[in-house]
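Undergrad: Could you have a look at this structure, given as structure tokens, before my questions?
Given below as structure tokens:
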């Protein structure tokens, strides 16, 4: 049985089990849980179910926010995952990705630095908790003709008035679009099992939020398209190159050849997380504690290395990989970071001031492994190979101090400050502390301004890596990356006019100075820029509704992003236009519209699967391209659906586009999605 079929069957069995559990839980308490009025109408719905987040509890507030039942984001693909920023990926759902636009880094201390699958993993601090008067559950399912799939099912209920628990399962999957043997040739399998709950005392002095997540992600790595070129004689006897030699000729999708056939990246994340607060003196003084224990495991394997010249014995060259340092038969590189954090602090709020002060202790360890060496074997074999420790085990004991404070003056001015300091690091060779970040902002009416300053050490992977194809030891070699950013913002909500039912405008402008930037150079190895990088960033968004027609346009312009260490398109835009109405006596609300995404040309980072890093290249320019989608979405009481044709403009200007050098994006395809809420 094929791996993709086994994965499909295991998913089907898990889905059946979850559905049986869900139906059992729904059927048992529903009759007793429902509250009805005199006309026997069920009172439960979106208005009786609210979301509570940790950020609110740490502001000593549990009012919660209502469920989002709008159709605005439902058909938009970037809102199907846990990171909704614009991303550069390998052209398919679930593949490695990185932020496309500039984002400041506020993570200090020991960090593994393997983040290409962060987009698909939950952040434990942002898990939603439900405050509902009845059991609440939902499922969402998204599928496309190209094999994209997103599935999530969630169930939560209150065991007592102030105690609720929940369970959620999520699956993200995709099939190959390059070199696919069949339409069901699997590319990515992602699963996430989440258990969560909340508790508060009757007097609301004590609050507890907790969750446990189990994430498994497996991505087949193809190495990108391998152009087919060969030498031949022309009519006049000259030697010429024939075959696919230009990027415009590489849009045959499943017919294209790729470099890798048996390579895969596997990632596992396990995390236990809880936060508890206790009021000492009303809302003015509350103590809190956060516990966070997590594990991240990364493994890269390739069991089919291809020698370019079998006669080479010493330091032989292999297909795709730049070099072989340890083993000519196979690759198996692993890294595992285990980490426990305890945060203790105080917080409080009044009408004028709000504050939070904390200290955080982190204990972590990093272990890396690789296959034993056989690099000088004339006839390499995989038998007898074993995993050995690649780099020395590293341990970290770190102390962080931080806090936030905000002030309001007669609702005219609002001032906010926040910061964190990595003060002490014990037992580690990495001595890049002190690290810090500081942020201050002021707001008056629609205007606001912000200043951000940070000093952040390189990641653990940037400082040390030992694998089959790369090895570096940069401990003590790199300085901290220092960043200064100034930003001004404007947000306006224009009063209603006779024609416009809604009119919103927001804009921002900022400058960023980045000194000692650490990045991956054109050899796919860490390097530090000797000259500071300067960015000028402008953003604007305009939302307007004229009757039943809505328009939403946004654009980000970045100047200075096409230099060593940075690869940012100058212009990234996203525009939507839609018409909405009620039909069938207002039983069905629908939107029909189109969405346009556009980015300007740039020399995008390329991808190294064995190190799980995007790195700089100067030989491939991704052309500017638009992607047009047309959609129809509808809402029928508790059910939301959408139908969508993605990349409808394929073939109008080009036959395709590249998301990353030699990785094409999806061709035109049909997408379907359904979400169903249950409130009892």
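Residue numbers (my numbering): 86 to 765. We treat Cβ as the ideally placed atom computed from N, Cα and C, and that holds for glycine. This one's a predicted model, so the numbers in the text were calculated from it and none came from an experiment.
#1: Less than 9 Å between the C-beta atoms of residue 280 and residue 250, yes or no?
#2: Would you mind reading off the limits of the alpha helix (DSSP H) that contains residue 142?
#3: In whole angstroms, give me the CA-to-CA distance for residue 718 and residue 232.
#4: Does the structure place the region 732-743 close enough to the region 691-699 that three or more beta carbon pairs sit under 8 Å?
#5: Rounded to whole angstroms, what is the Cα-Cα separation between residue 274 and residue 608?
#6: For residue 357, report the span of its beta strand (DSSP E) as first-last.
#7: Provide the residue span of the alpha helix (DSSP H) that contains residue 404, from first to last.
#8: Between the alpha carbons of residue 299 and residue 256, how many angstroms are there, rounded?
#9: What is the rounded straight-line gap between the Cα of residue 229 and the Cα of residue 269?
#10: Going by Cα to Cα distance, which pick from 546, 305 and 151 is closest to residue 347?
#11: What residues in its chain sit with their C-beta under 6 Å from that of residue 261, if we drop five residues either side in the sequence?
#12: Assuming residue 173 and residue 689 form a contact by the criterion Cβ under 8 Å, report the distance between their Cβ atoms to the nearest whole angstrom.
#13: Leaving aside the five residues before and after residue 761 along the sequence, list all residues of the same chain whose C-beta is less than 7 Å from its C-beta, in chain order.
#14: Of the residues 611, 308 and 140, which one's Cα is nearest the Cα of residue 342?
#15: Would you grab the beta carbon distance between residue 576 and residue 591 for me? Rounded to a whole angstrom, and I think it's under 8 Å.
#16: Name the DSSP beta bridge partners of residue 258, please?
#17: Identify the residues that DSSP records as bridge partners of residue 165: which are they?
#18: Quick check: residue 481 and residue 428, are their CB atoms within less than 9 Å of each other?
#19: Give the DSSP-derived three-state secondary structure of residue 762 in the structure shown.
#20: Using 9 Å as the threshold, is the C-beta distance between residue 635 and residue 662 below it?
#21: Mind checking whether residue 714 and residue 364 have CB atoms under 9 Å apart?
#22: Compute the Euclidean distance between the alpha carbons of residue 659 and residue 680, then round it to the nearest angstrom.
#23: Looking at the unbroken alpha helix (DSSP H) that takes in residue 342, where does it start and where does it end?
#24: Closest to residue 278 by C-alpha separation, out of 355, 617 and 214, would be which residue?
#25: Do residue 456 and residue 442 have their CB atoms nearer than 9 Å?
#26: Mind pulling the beta strand (DSSP E) runs of 3 or more residues that sit fully within the region 404-484?
#27: Residues bridged to residue 640 by DSSP?
#28: Alpha carbon to alpha carbon, what distance is there between residue 190 and residue 711?
#29: Report buried or exposed for residue 332, applying the criterion of at least 16 other Cβ atoms within 10 angstroms of its Cβ.
#30: Could you tell me whether the Cβ atoms of residue 604 and residue 614 are closer together than 9 Å?
#31: When you compare the CB positions of residue 595 and residue 572, do they come within less than 9 Å of one another, or not?
#32: Since residue 545 is in the alpha helix (DSSP H), which residue starts that stretch and which ends it?
#33: Would you report the Cα separation of residue 748 and residue 388, rounded to the nearest angstrom?
#34: Is the beta carbon of residue 491 less than 9 Å from the beta carbon of residue 497?
#35: Drop a sphere of 10 angstroms on the beta-carbon of residue 204, count the other beta-carbons inside from all chains shown, and report buried for 16 or more, exposed for fewer.
#36: Leaving out five residues on either side along the sequence, give the residues of the same chain with a beta carbon under 8 Å from the beta carbon of residue 371.
TA: By the coordinates alone:
#1: Cβ distance < 9 Å, so residue 280 and residue 250 count as in contact.
#2: Counting along the chain, the alpha helix (DSSP H) containing residue 142 begins and ends at 139-142.
#3: The alpha-carbon atoms of residue 718 and residue 232 are separated by roughly 21 Å.
#4: A contact between stretches requires three or more CB pairs, one per stretch, nearer than 8 Å, and the region 691-699 fails this requirement with the region 732-743.
#5: Distance between the alpha carbons of residue 274 and residue 608 is about 30 Å.
#6: 348-366 is the span of the beta strand (DSSP E), which, as asked, contains residue 357.
#7: In this chain, residue 404 is not harboured by any alpha helix (DSSP H), its DSSP state being neither H nor E.
#8: Approximately 12 Å between the Cα atoms of the pair.
#9: Approximately 12 Å between the Cα atoms of the pair.
#10: Taking only the C-alpha atoms, the option nearest residue 347 is 305.
#11: Hits under 6 Å: 270 and 272.
#12: So it is a contact: roughly 6 Å between Cβ atoms.
#13: The residues are 223, 224, 723 and 724.
#14: The candidate whose alpha carbon is nearest that of residue 342 is 308.
#15: The distance from the Cβ of residue 576 to that of residue 591 is about 5 Å, consistent with a contact at the 8 Å cut-off.
#16: Residue 258 pairs with 234 and 274.
#17: Paired residue(s): none; residue 165 is not in a bridge.
#18: No, the pair does not count as a contact, with Cβ atoms beyond the cut-off.
#19: Three-state result, residue 762: strand.
#20: Residue 635 is a Cβ neighbour of residue 662, given a cutoff of 9 Å.
#21: The answer is no: Cβ separation not under 9 Å.
#22: If you take the alpha carbons of residue 659 and residue 680, they lie about 7 Å apart.
#23: Residue 342 -> no alpha helix (DSSP H), and no H or E assigned at all.
#24: Ranking the options by Cα distance to residue 278, first place goes to 355.
#25: No, they are not a contact pair.
#26: Fully enclosed beta strand (DSSP E) runs of 3 or longer: 416-434, 438-456 and 472-474.
#27: Residue 640 is bridged to 625 and 658.
#28: Looking at the two C-alpha atoms, the distance is approximately 29 Å.
#29: With 16 or more other Cβ atoms within 10 Å, it is buried.
#30: The answer is yes: Cβ separation under 9 Å.
#31: Going by C-beta atoms, residue 595 is nearer than 9 Å to residue 572.
#32: Per DSSP, the unbroken alpha helix (DSSP H) holding residue 545 starts and ends at 545-548.
#33: In this structure, the alpha-carbon of residue 748 lies about 22 Å from that of residue 388.
#34: Cβ atoms of residue 491 and residue 497: not closer than 9 Å.
#35: With a threshold of 16 other beta carbon atoms within 10 Å, residue 204 meets it and is buried.
#36: Once the five neighbours on either side are set aside, the close Cβ partners of residue 371 are 145, 362, 363, 364, 365, 431, 432 and 433.
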